[in-house]
Structure formats: structure tokens, C-alpha cells
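Presented below is the structure to which this report refers.
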Amino acid sequence: MIGMFKYHLSIKQLKQFFDTVDKKGRVTFNRPIPANAVNPIVEVNLEDNKLSAYQDDYTQGYHHGGEYVKNVVLALEKQHYYKQINLVGHSMGNLEIINYINDNVNDKSLPQVAHLVAIAGHYNGLVGQSETQNAKINPKTGEPEKMDSAYRELLGLRQTFPKNTAVLNIYGDVGDGSHSDEDVPVNSAKSLKYLVSDRAKSYREVEIHGKNAQHSKLHNNSQVNRELIKFLWEESN
Numbered sequence: 050m051i052g053m054f055k056y057h058l059s060i061k062q063l064k065q066f067f068d069t070v071d072k073k074g075r076v077t078f079n080r081p082i083p084a085n086a087v088n089p090i091v092e093v094n095l096e097d098n099k100l101s102a103y104q105d106d107y108t109q110g111y112h113h114g115g116e117y118v119k120n121v122v123l124a125l126e127k128q129h130y131y132k133q134i135n136l137v138g139h140s141m142g143n144l145e146i147i148n149y150i151n152d153n154v155n156d157k158s159l160p161q162v163a164h165l166v167a168i169a170g171h172y173n174g175l176v177g178q179s180e181t182q183n184a185k186i187n188p189k190t191g192e193p194e195k196m197d198s199a200y201r202e203l204l205g206l207r208q209t210f211p212k213n214t215a216v217l218n219i220y221g222d223v224g225d226g227s228h229s230d231e232d233v234p235v236n237s238a239k240s241l242k243y244l245v246s247d248r249a250k251s252y253r254e255v256e257i258h259g260k261n262a263q264h265s266k267l268h269n270n271s272q273v274n275r276e277l278i279k280f281l282w283e284e285s286n
């Protein structure tokens with residue numbers, strides 16, 4: 050994905066950086082971000098990317114993951130002041146990002162989230178979760194008929210989600226009749242709409258189809274990359 054950004058947006062002088070967050074939440078960058086960096090991309094790698102201590106309570110685990118996200122933002126702020134940031138998540142990273150937003154919505158010292166991109170977000174459960182796997186949603190509002198505990202934790206966003214944040218929600222359907230990307234049901238991903246669309250600056254959904262819509266392939270998909278580039282840079286200029 051980052052390679053595609055460089056190809057399409059070389060004119061933007063994109064710079065790529067990596068950081069690692071250890072299990073104690075400590076953030077380490079591979080190199081400093083220059084003060085004059087234009088549109089720097091920071092790839093976040095979590096040592097605790099399975100939330101191993103929360104296997105029996107992912108609802109609390111996602112809050113803990115949100116602390117990892119906050120630690121990265123604070124570490125960025127120690128290098129330079131950023132008035133706005135963009136957040137892009139894939140899979141469980143989406144739950145950590147949305148919990149970061151939910152848990153810190155009143156903290157005005159943090160940078161504004163200008164753009165939020167969700168890729169394959171299982172906001173209302175995964176394939177195999179019997180309570181919500183086949184949950185229908187209201188086609189107009191995105192409200193699911195059944196909600197898992199992690200989703201219910203986020204309902205407050207309907208009154209607090211930042212009004213200056215634009216949202217792009219990308220999800221996949223491999224077309225095998227499961228209405229999923231093999232891991233995330235389409236309706237689980239689409240349930241983000243109910244949480245944020247009434248307040249977000251804008252909300253748009255993109256459904257990817259076919260074999261390259263498989264869960265792990267979505268973050269290395271040319272159509273997804275084009276949508277990201279258009280949303281993050283072209284539409285905002």
C-alpha cells in the first residue's frame with residue numbers, strides 16, 4: 050500500500066516512517082520525522098497485535114489498543130506539533146482507532162482527526178460469532194438488529210463523533226455467498242455508519258468485490274489504494 054502511494058503521489062514528496070509499539074505501550078521510531086516533511090506516512094506496528102491478554106474480553110482489549118494509538122499520537126507530538134492527522138486502519142486496527150477516538154473525544158490537546166479510513170473493520174463482530182454474524186442492518190441508517198458488546202461500547206459516538214472528521218469505510222465481499230471478506234461480514238463493516246454518519250463531516254462506503262476483496266488482501270489492493278489516495282489527498286486539496 051505504501052509503495053502504491055509513492056508511485057501515485059511522488060509529486061507530494063511523501064516520506065515513509067515506521068514506529069513500533071511494545072507491549073508496555075512504548076513507542077520507537079525508525080528515524081526522526083523532519084520538520085519539513087510533506088504528508089509523512091507513519092506505519093504503526095504493534096508488538097501486541099493480537100491483544101493476547103484480552104482473549105476473553107476483546108471489548109476491554111480494544112480500549113487497551115486505543116491507548117496504543119494514543120501513545121503513537123503523543124509520540125508524534127513530541128517531535129512536531131500536528132494540528133490535524135489522518136488515521137487509516139485495517140482489521141482490528143479499526144477497533145483500536147475508533148476506541149481511541151471514543152475514549153479521547155473531549156481531549157482538545159490532541160490533534161484533530163481530519164480523515165478516518167476504515168478497511169475491513171469488524172465493528173459488530175467477525176465471521177463465526179453466532180450472536181451477530183447474520184445480523185441484518187437498517188439499509189438507511191446502518192443500525193444493526195443485534196449488537197455485540199464491543200459495538201455497544203461505541204454507541205456514544207452517535208452524540209460525540211467529531212464533526213470535522215471525514216470518513217471512508219472500505220470493506221470486501223469475496224462473492225462466495227458468505228457476504229463477507231471471509232473474516233468480516235459486510236454488515237459488520239457497514240454498521241460503522243450508524244455510529245458516525247450523522248455527525249461526520251462526510252461518510253462514504255466502498256465495497257470491493259472478488260478474490261482480491263479477501264480480508265488480508267484488502268490492504269494491498271489497487272482499487273483500495275486509489276480510493277485512499279483520492280480521499281486523503283485529492284479530495285482535500
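Residue numbers (this note's numbering): 50 to 286.
C-beta atoms are modelled at their ideal positions from N, C-alpha and C, and glycine is treated no differently.
Alpha helix (DSSP H) segments (min. 4 residues) lying fully within the stretch 71–148: DSSP assignment within the stretch 71–148 yields the following whole alpha helix (DSSP H) runs of 4 residues or more, N-terminal first: 107–128.
Take the Cβ of I60 as the centre, count every other Cβ of all protein chains shown within 10 Å, and call the residue buried at 16 or more, exposed below. Legend: pLDDT at I60 = 38, less than 50; position of this residue unreliable, no value from coordinates given.
Residues that DSSP places opposite R253 in a beta bridge: L217, per the DSSP bridge assignment.
Tell me which residues share the same chain as L100 and place their Cβ nearer than 8 Å to its Cβ, disregarding the 5 neighbours each side in the sequence. Take L100, set aside five residues on each side of it, and the residues of its chain with a beta-carbon closer than 8 Å to its own are Y107, G110, Y111, H113, G114 and M141, in chain order.
Supposed close pair H264, D222 - CB separation, criterion 8 Å: Here H264 is actually not in contact with D222; their C-beta atoms are around 11 Å apart, not less than 8 Å.
Ordered along the chain, which non-local residues of its own chain (more than five positions away) have a Cβ less than 6 Å from that of P193? Cβ neighbours of P193 beyond the five flanking positions: N173, A184, I186 and S240.
What is the rounded straight-line gap between the Cα of V137 and the Cα of R201? Distance from the CA atom of V137 to the CA atom of R201, rounded to whole angstroms, is 22 Å.
Figure out for me which residue from V121, A86 and H171 has the closest Cα to the Cα of N143. Checking every option, the nearest Cα to that of N143 belongs to H171.
Can you tell me where the beta strand (DSSP E) with L165 in it begins and where it stops? Per DSSP, L165 belongs to the beta strand (DSSP E) from Q161 to I168.
My output table needs one value for T69: the three-state DSSP class, helix, strand or coil. In the displayed model, T69 falls within a strand according to three-state DSSP.
Please work out which residues of its chain come closer than 6 Å, Cβ to Cβ, to N148, disregarding the five sequence neighbours upstream and downstream, and give them in chain order. The answer, listed in chain order, is Y111, H112 and G115.
Going straight from the alpha carbon of A84 to that of R75, what length do you get? About 22 Å.
Can you pull the DSSP bridge partners for P234? The beta-bridge partner set that DSSP reports for P234 consists of S229.
For D222, which of helix, strand or coil comes out of DSSP? Reduced to three states, the DSSP call for D222 is strand.
Is Q133 near A167, with beta carbons less than 8 Å apart? When the beta-carbon positions are compared, Q133 and A167 stay at least 8 Å from each other.
Using CA coordinates, which residue listed in K250, E96 and Q128 is at the minimum distance from P89? Of the candidates K250, E96 and Q128, the one whose C-alpha sits nearest the C-alpha of P89 is Q128.
Roughly how many angstroms separate the alpha carbons of K266 and A124, rounded to a whole number? Annotation: K266 to A124 spans about 30 Å, alpha carbon to alpha carbon.
Taking 8 Å as the cut-off, does the stretch 209–217 touch the stretch 242–250 (at least 3 CB pairs, one atom from each stretch)? The stretch 242–250 makes contact with the stretch 209–217; the number of CB pairs closer than 8 Å reaches 3 or more.
In whole angstroms, what separates the C-alpha of Y56 from that of E180? Confidence at Y56 is low in this model, with a pLDDT of 43, below 50, so the placement of that residue is unreliable and no value is reported for it.
Given a cut-off of 8 Å, decide if D68 and V87 are closer than it, judged by their beta-carbon atoms. Cβ atoms of V87 and D68: not closer than 8 Å.
Going by C-alpha distance, which of N236, V91, V121 and S227 is nearest K72? Comparing Cα positions, the closest option is V121.
Any idea what DSSP makes of H258, helix, strand or coil? Secondary structure of H258 (DSSP, three-state): strand.
So which of I257, Q161, N151 and N236 has the shortest CA-CA distance to N293? Residue 293 cannot be examined here, being either before or after the span of the chain that is shown, 50 to 286.
Please report the straight-line C-alpha distance between S227 and P81, rounded to a whole angstrom. Distance between the alpha carbons of S227 and P81 is about 45 Å.
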